[in-house]
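J.: Using my numbering, read the sequence shown as starting at 11 and increasing by one per residue.
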Amino acid sequence: MHSLQGALKMKNKRSAFFLYIALYGALSITLGGCVNLKPKADPVKLYALGPVNSAVDGRESGRPIYVARPHMPAYLDGKHLQYRSANGEVEALSHARWAEPLEEGVARCLAEYLIQPNGKNAIGFYPWPDRTKNGLDLYLQIFKLGVFENSEIRMTVSWELKSGSKTQQAGTFQSKGITWETGSAESLVAGINLALAQLAEEVAQSF
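1. On the premise that E113 lies in contact with P80, defined as a C-beta separation below 8 Å, what is that separation, rounded to the nearest angstrom?
2. Just verifying my parser: in three-state terms, what is the DSSP assignment at R118?
3. How many angstroms separate the CA atom of P83 from the CA atom of K50?
4. Just checking my contact of W190 with V167 at CB under 8 Å: how many whole Å lie between their CB atoms?
5. Keeping to the same chain, check which residues put their C-beta closer than 8 Å to that of A17; ignore five residues upstream and five downstream.
6. Counting Cβ pairs closer than 8 Å, one from the region 165-181 and one from the region 140-154, do we hit at least three?
7. Taking only the alpha-carbon atoms, compute the straight-line gap between Y57 and R107 and give it to the nearest angstrom.
8. Is E99 buried or exposed, if buried means 16 or more other CB atoms sit within 10 Å of its CB?
9. Relative to the C-alpha of A214, which residue among N63, Y93, K55 and L171 is closest?
10. Helix, strand or coil: which one does DSSP assign to L198?
11. Quick check: what's the CA-CA separation for R118 versus F135?
12. Let me know the secondary structure DSSP gives Y123 once reduced to three states.
13. How should N97 be labelled, buried or exposed, when 16 other C-beta atoms within 10 angstroms of its C-beta is the threshold for buried?
14. To the nearest angstrom, how far is the alpha carbon of A205 from that of R164?
15. Provide the residue span of the beta strand (DSSP E) that contains K176, from first to last.
16. Rounded to the nearest angstrom, what separates S161 and A200 at their Cα positions?
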């Protein structure tokens, strides 16, 4: 009887030992697999407005300009590259984000275009507070910025140059002849850059 009980205990111990070995091996493989997993590359790309290869003159031409905070449509808020389609639907490009708030990018980009060769002397832009007593403040109200029928990028803006509280020049701008490659973030950024370059030229020629 005692021999039978001893044999059963020994058998149970062996079974427990082999079960432990099996569980340990399985756990080691699982943990090893987790440790060796390579992180996936982030597919999101960051984009910023503004000329890249254009030369900057930097000389003063007329009264210096400060580009104030532009007023943007609410549907453009956020980091995503968004646009309004022809049917009014707001869409966002996947894997594409702005590197800075869009209103800051628009102000900076416009200031850069204003100081291109034969341009005006931009002294600052939102959110920088720099202003001069004899300078002009450029205010923008952007009503439309999007991709519409025939894949055309359109921007409609009312602008105003003010000296203190007095308006010096004002106008309404509509971008012209700008198309984009559907679904391309690079094409959308290039189109917005071109629209802002056209706006800067109109403002510069107004005085």
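Glycine included, C-beta positions come from ideal geometry on N, C-alpha and C.
T.: So, from the listed chains and residues:
1. 5 Å
2. helix
3. 35 Å
4. Not a contact, Cβ separation roughly 18 Å.
5. Per-residue confidence for A17 stands at a pLDDT of 49, beneath the threshold of 50, marking its modelled position as unreliable; the derived number appears in the next sentence. None.
6. yes
7. 6 Å
8. exposed
9. L171
10. helix
11. 6 Å
12. helix
13. exposed
14. 8 Å
15. K176 to Q184
16. 14 Å
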